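**Q**
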Amino acid sequence: MPGGRLTQQERQQIALGLADGLAYAEIARRLDRPTSTVTREVMRNGGPTAYRADLAHRATERRAHRRRQAAPRGAEAA
Numbered sequence: 067m068p069g070g071r072l073t074q075q076e077r078q079q080i081a082l083g084l085a086d087g088l089a090y091a092e093i094a095r096r097l098d099r100p101t102s103t104v105t106r107e108v109m110r111n112g113g114p115t116a117y118r119a120d121l122a123h124r125a126t127e128r129r130a131h132r133r134r135q136a137a138p139r140g141a142e143a144a
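Each step along the sequence shown adds one to the number in our numbering, with nothing skipped, and position 72 is 138.
1) If you draw a straight line from the C-alpha of Thr-73 to the C-alpha of Arg-139, how long is it?
2) Please classify Asp-120: does DSSP put it in a helix, a strand, or coil?
3) Classify Ala-89 as helix, strand or coil using the three-state DSSP reduction.
4) Let's test the definition: count the other Cβ atoms within 10 Å of the Cβ of Glu-127 and tell me whether it reaches 16, buried, or not, exposed.
5) For Ala-136, which three-state DSSP category applies?
6) Could you give the DSSP three-state label for Gly-70: helix, strand or coil?
7) Taking the alpha carbon of Ile-80 as the point to measure from, which residue in Thr-105, Arg-133, Gly-70 has its own alpha carbon closest?
8) Would you grab the beta carbon distance between His-123 and Arg-77 for me? Rounded to a whole angstrom, and I think it's under 8 Å.
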C-alpha cells in the first residue's frame with residue numbers, strides 16, 4: 067500500500083534487510099516504497115545498527131495517537 071504508513075510486516079522486512087547488509091535502496095525496492103521512506107524510518111528509530119521493528123512499530127503508534135497541543139484561545143488561523 068504505497069503512500070500509507072509502514073506496516074509491522076514491512077518494518078520486519080526492513081530489519082531483516084539491515085541484518086543482511088542490504089542498502090536502503092534495495093530494501094525499498096523489495097517493499098515497493100521510496101528509498102527516503104526506508105531511510106527516514108531507520109534513522110527515526112535507532113539507526114542502521116540499532117533498528118528494531120517491534121520497538122519502531124510501537125513508537126510509531128505512540129506518535130500517531132499522542133494528543134496535539136491546542137492553539138491558544140484567541141489565536142487566529144493564518
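Every residue gets a Cβ at the ideal spot worked out from N, C-alpha and C, and that includes glycine.
Quantities reported herein were computed from a predicted structural model and do not represent experimental measurements.
**A** In brief:
1) For Thr-73 and Arg-139, the distance between alpha carbons rounds to 37 Å.
2) DSSP, reduced to helix, strand and coil, places Asp-120 within a helical segment of the structure shown.
3) The answer is coil: DSSP assigns Ala-89 none of H, G, I, E or B.
4) Exposed, by the Cβ-count rule.
5) Three-state result, Ala-136: coil.
6) Three-state result, Gly-70: coil.
7) The shortest C-alpha separation from Ile-80 is found at Thr-105.
8) Contact between His-123 and Arg-77 holds, since their C-beta atoms are separated by about 5 Å, short of 8 Å.
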